[in-house]
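These notes concern the structure reproduced below.
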Amino acid sequence: MSTTHPSVVGEPPALISTPVAALARANARASSAAEASHSGVWVAIFAITMSFVAFTSALFVREGASGDWTHLTLPTILYWNTLTLFAASATFELSRHAIFVGREFRSASARSGSGWLLLTLALGLLFVAGQFAAWRQLSSQGLYLATSPNSSFFYVLTVAHALHVLGGMLALGWLVRQRLGGQPLRRRSFESTSIYWHFMAVLWLYLLIVLRTKL
Amino acid sequence: MTVKHVFLAAFATFVAVSVTTAGPGSGTISGKITYEGTPAKPKSIDMSKEPSCAKQHPTPITTETVVTGPGNSLANVVVYISAGAPDEPPPSTSANFDQKGCQYLPHVLAFQVGQELKISNDDQTSHNIHPLAKINREWNKSQPPGTPPIIDKYDKAEMIPVKCNIHPWMHGTFAVLKNSHYSVSSDDGSFKLPNLPPGKYTVTAYQESYGEMTQDVVIAGGETKTISFVFKAKPY
Amino acid sequence: MGKFFAVVLVIIALVSAYPIVTHKYAPPVDISTHGHAIDEQLADTMAEAGLAFLGAQLLLAFFIWKFSGRKEGEKVSAIPSGAKIMVAAAFIFVGTEVLALGVFGQKAWASVYFTAPAADALQVQAQAGQFAFYFRYPGPDGKFGPLHPDKIDEGNANFFGLDPANDVESRDDVVAAEMAIPVNKEIHMLMHAKDVGHSFFIRELRIQQDFVPGLDLSLHFTATKIGKYEIVCTQLCGLGHYNMKAYLNVLSQEDFDKWMKEKIAEQ
Amino acid sequence: MEETSVQPTHVHAPPQGFLWKHVFSLDHKVIGKQYYALALVAVFTGMFLSWLMRFHLVWPNTPIPGLQFLSKVGAPGGLITPEYYLSLLTMHGTLMVFFVLTNAPFAAFGNYFLPIQIGAEDMAFPRFNMMSFWTTFLAFLVLMLAFFIPDGPPISGWTAYAPLSAVGGDAGPGLAWGQNLWAISIAIFCAGSLLGALNFIATTIDLRAKGMTFMRMPICTWAWFITSCIALLAFAVLLPACILLILDRTAGTSFFIPSGLVVSDHLQPHSGGSPLLWQHLFWFFGHPEVYIAILPAAGIVSHILINSMRKPLLSAKVIIYSMMSIGFLSYMVWGHHMFLSGMNPASGLAFSFPTLTITIPATIITLIWIGSLYGANLRMDSASLFALGFISMFVTGGVSGFFLAQPSLDIYLHGTYFVVGHFHMVMGVAALFGVFAATYFWFGKMTGHMMNETLGKVHFWLTFIGTYCIFMPFHYLGLVGNIRRYSSFVNDFMGPLMPLHKFITIAALCTGAAQFIFLFNLVYSRFKGPKAPDNPWQGTTLEWTVPSPPPWNNFGDTHPIVYHDPYQYGVKGSKGDFIMQDSPEQATGGVAG
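These protein sequences, in sequence, are chains A, B, C and D.
Once you know that position 81 of the first sequence is 92 in the numbering used here, the rest is easy, because the numbers rise by one and skip nothing.
Once you know that position 83 of the second sequence is 226 in the numbering used here, the rest is easy, because the numbers rise by one and skip nothing.
Once you know that position 202 of the third sequence is 262 in the numbering used here, the rest is easy, because the numbers rise by one and skip nothing.
Once you know that position 341 of the fourth sequence is 342 in the numbering used here, the rest is easy, because the numbers rise by one and skip nothing.
Below you can see the structure in the form of structure tokens.
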């Protein structure tokens, strides 16, 4: 079977049962999977971008196609939410600083940076709650999903974005759990999460501009 | 519904049936439906899209939403007792609705709640039967030539417009009624509601494009009361 | 096995081409003023695509004939010119074809879609609905009455949703289930969809265009031959799609005037 | 590598127990086989539906015994109603395009062989991989549920054009809950495909073995990689489109429904939407979808052909670049499906040109295949036959594309059987030939048993001749002007065409029946087939370096190192006329690749 193949330099001999070999292999595997998480998150960002491009070009087509588009005054709370989401990006960066830069970096089990991570999580929650408040505010004005094309797009875009933010918070929650439990943290996983998290802020800014723009 | 209710309902029905069938002493309402004003001119129907039907009508047939007769009479008006008579169980006979020459025969079909409705296709082409019910369940089925009749029934009283989706000119009406006291006015506009036990009744006349009119009638015994309905016709 | 494959492939290619070459299955005779351009374009494309089809299939068959039947360890070789000639051939032959068909061959498209209808063209409104076409002529006043979707009453033959009680222009509008037009006269057709997407196709007229709900399109054409032609729907529109059709009745000017007079009398 | 990772996060242990081994397995090979099985169920269902349609078209008054039990309303007395015909048509299209042509060549074989061919132990994200299959399976169940609801399956075709698909039950039977199920199913399918494509891309980028540079990847790996990039973009657009459609149908929004529609005498409450918006979004997905089906098949065919010819292609690089340009161009041509939809006529021309341009890379690929045959030492087994048949089909289906790419010809051919002939040839049958070739080629590797060659050849001949008999006449019908999607031919001039229709139906019934030979061969060989050696076809790529079937972690405890380009054939190697990718020996002589 595999014995006919040359073994890789630097790898332990191909003996299936030795625990050392299994552990080394598992390590190599886990690292390659973490490696992949980096490109995985970029690919995911690409796909999500494409979806939102589809949504927003649908918005432009719909806006241009008919005369029933009346512009929506966005609830003021959206701007506060924008600040919140960008603050969450900043606190994420602060946590990176606390975890990977300086002395704390040496101590693998230290819980440094978990405070910043928790704050990021809280700000993320605050953002979603803020979006919820914006929906409540609109619906109290009698603007529901089906009221007008602009309210339809408003709900579709903000809900889709909020769901993606919640997805990011799941990853964030996992990081927090690792950190609080003193578990080792992979830099790759951390960075993948941070790329996604910053992307959410940028995506939101884009959506806000699209929703504000009058054609 | 409890067993008691079922029993009471059955008993009431039994009584009602025995009373209605009790020939002597029962009265009749009869009369005539007319219109005043100018009704819309019936339009001829062009069936060239369906040659197998078109050739069954050497002279083109016309629209049947308003069918007039001599002396300003109105045909195809459903006259029925809308209040005063008890609900009745359906008869065992079925109400037949035929599609022939891309026309509904009859144009207006009156039958009772729960009564078997039998729809058959005598044409060489597929028809589609789409009763646009609002209170009852709406359905939409096609009937290719050579397929068995569609059997159905309705649970609630309703005036249901019927259309064929394949042939847009085919329109008709199902009048689903609660009791057996109904009549569809004939070509001379006359109708007759026999076998009415003494009592106070509300008589309703329904015309598919003019809507409905009602009158209260009291039947004292074995008498025949004549009433008339006059619809306001519109030229457009 | 290889030789058998080659023979079968050659037979398939030739049998496939036979009905095309002999015009066994061809579009019906064109009756429009613009259709000849489409027909020429079709013939050109058929010749080029046909050559490409036969060439590729026969070459494939030839190579399979010649190089199949594997003997163990037999030496293989490559076509001396390598991949470059393939790429060059594709660019030169197919590229020219693309240019020829894509750029110079668009006359037909332009003649249908890039020209404006003549000012004196006869206006006809075509309405597609599940599952019939109806046509409307403006009548003696030359004006179409406005449409009111809520007034549509098919059982009463009000297919367009006209409101003659309130709209004077509607009272003389002629509505018909067939499309009668005078011969050699340009027709400016206004297309309106009542419910879902439909399409308007007359094979002999080389005209096909979708009805898009909410988007009233227009099209113009001239028929050159008297006769009755089928109008069919080519866009999936629901269960009666297969039976959605009407007739185009191309009449002489006198017959058309007579037809119109009868129709006006019927209103 | 970070120092923080002294402990492995999880040790990838062999799975235990039937459920984890065969059902909720994280193993890409099991998932690949699951996709294959799903595609197999879908393809036979789809084929059965096409039988019913073909039968009904030519014998409309002959009841099909037993059909009334499948649908009492749709087929009273065994006679198919017009709406049930459209239901069959819609479900046939949806099953074939999504659950067969996307699943079989791409998801099934890609899952199984992409990691092995690049020397990886598994996909980058095995959990996502499992989720993507089960999501797809759920989408399949949701779609099939439409057969069993009283409303019946939808009748708006696999393209689900709005507003027919958007206004609900008024527009016809099957358009209430049936259409809802369709839209939900496709949305779920998109999610599953996105997960799968993400996995393919990340795996190809990150998990290649030592020495496996991009240019050393086998052509089929390249095809799967390019396809997953296309799929990522395409499904990312279809998903929002489906969400908007579902909202129009259930929440009363008006994205696709304009004002003033009167459907079945009901004035619709919507206003201002744009039906063309759906068409744009759908075809932005829909045209690339064609390449999602055909590129993996083209890659597989290249891979098999090289092995059968015992020599490399004239240029693998040119094929790969051509595939990339096809993928790129596929996003600029969607409008050619909409020439007659009332777009600006100038954009018709703008879409026509890139469409015609796609012919160039496609021709390059074809010429390289055919040209590479020159001087070959061609083996004619079942896999090879199907690969060669693929080329023939690809050419036939490709040339008819020439017609439809031109708006002026589309004026006549749009909506006719010519279109049906074209896409069945190039997207349907050609892609399926790729799947058949792959099955005969890799079955031994996947199951440990070889398939029966005689049955394979019989299957090939019946299918090859049969499909030409079915789909070539479609082009003729189209030229005459026979309209597609008609449940029966009541048109006046259809009479003379009926013999041709009968011929097609008989050919379809026979060709369909021949597929049972294949099914039998699959099942029989799985259990009774001779044991498969590790490298039955003397192949060079990494899948032939592992046992048949490969162990759960593919390469045992070794990590393969790659020394060569993938196709070292026609050389003097220690094992014959080839050198395997992971063998360090140097090639002497041979043909330039």
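No residue lacks a Cβ here, since even glycine has one placed at the ideal position from N, Cα and C.
Would DSSP call residue i helix, strand or coil?
i             : result
residue 83/C  : coil
residue 224/A : coil
residue 487/D : coil
residue 207/C : coil
residue 282/C : strand
residue 196/C : strand
residue 222/C : coil
residue 309/D : helix
residue 326/C : helix
residue 120/A : In this prediction, residue 120/A has a pLDDT of 48, which is less than 50 and means its spatial position is unreliable; what the coordinates show is noted afterwards. Three-state DSSP puts residue 120/A in coil, outside helix and strand.
residue 104/C : helix
residue 258/C : strand
residue 371/B : strand
residue 145/D : helix
residue 106/B : For chain B, the structure presents residues 144 to 379; residue 106/B sits outside this window and is missing.
residue 249/C : strand
residue 446/D : helix
residue 184/C : strand
residue 451/D : coil
residue 240/C : strand
On the DSSP bridge assignment, give the partners of residue i in chain order.
i             : result
residue 562/D : 211/D
residue 270/B : 286/B
residue 421/D : Residue 421/D is not bridged to any residue.
residue 162/A : The partner list for residue 162/A (beta bridge, DSSP) is empty, contrary to what the question assumes.
residue 271/C : 258/C
residue 305/C : 292/C
residue 179/B : 375/B
residue 345/B : 226/B, 359/B
Hey, out of the options, whose CA is closest to residue i's CA?
i             : options                    : result
residue 371/B : 362/B, 377/B, 357/B        : 357/B
residue 105/D : 578/D, 369/D, 301/D, 335/D : 301/D
residue 154/D : 486/D, 191/D, 72/D         : 72/D
residue 300/C : 360/B, 268/B, 346/B, 329/B : 268/B
residue 188/C : 230/C, 251/C, 85/C         : 251/C
residue 264/D : 179/D, 221/D, 173/D, 343/D : 173/D
residue 323/B : 296/B, 178/B, 224/B, 197/B : 224/B
residue 324/D : 311/D, 310/D, 476/D, 294/D : 294/D
residue 328/D : 317/D, 362/D, 318/D        : 362/D
residue 512/D : 126/D, 359/D, 469/D        : 469/D
residue 499/D : 43/D, 40/D, 57/D           : 57/D
residue 317/D : 387/D, 339/D, 224/D        : 224/D
residue 80/D  : 291/B, 328/B, 329/B, 341/B : 291/B
residue 502/D : 456/D, 127/D, 488/D        : 488/D
Spatial neighbours of residue i within its chain, please: CB distance less than 7 Å, with the 5 preceding and 5 following residues excluded, ordered by chain position.
i             : result
residue 240/C : 309, 311, 316, 319
residue 96/C  : 90
residue 391/D : 298, 302, 431, 434, 435, 438
residue 562/D : 210, 211, 212, 583
residue 210/A : 56
Please go through the same chain and pick out, in chain order, the residues whose beta-carbon is closer than 6 Å to the beta-carbon of residue i, but skip the five residues on each side of it.
i             : result
residue 185/B : 205, 206
residue 240/B : 252, 262
**3-residue-minimum beta strand (DSSP E) runs that sit fully inside the segment 11–80 of chain D, ordered along the chain** = none
**Request:** Let me know the alpha helix (DSSP H) ranges lying completely inside the segment 327–386 of chain D, each 4 residues or longer, listed in chain order.
**Result:** 346–374
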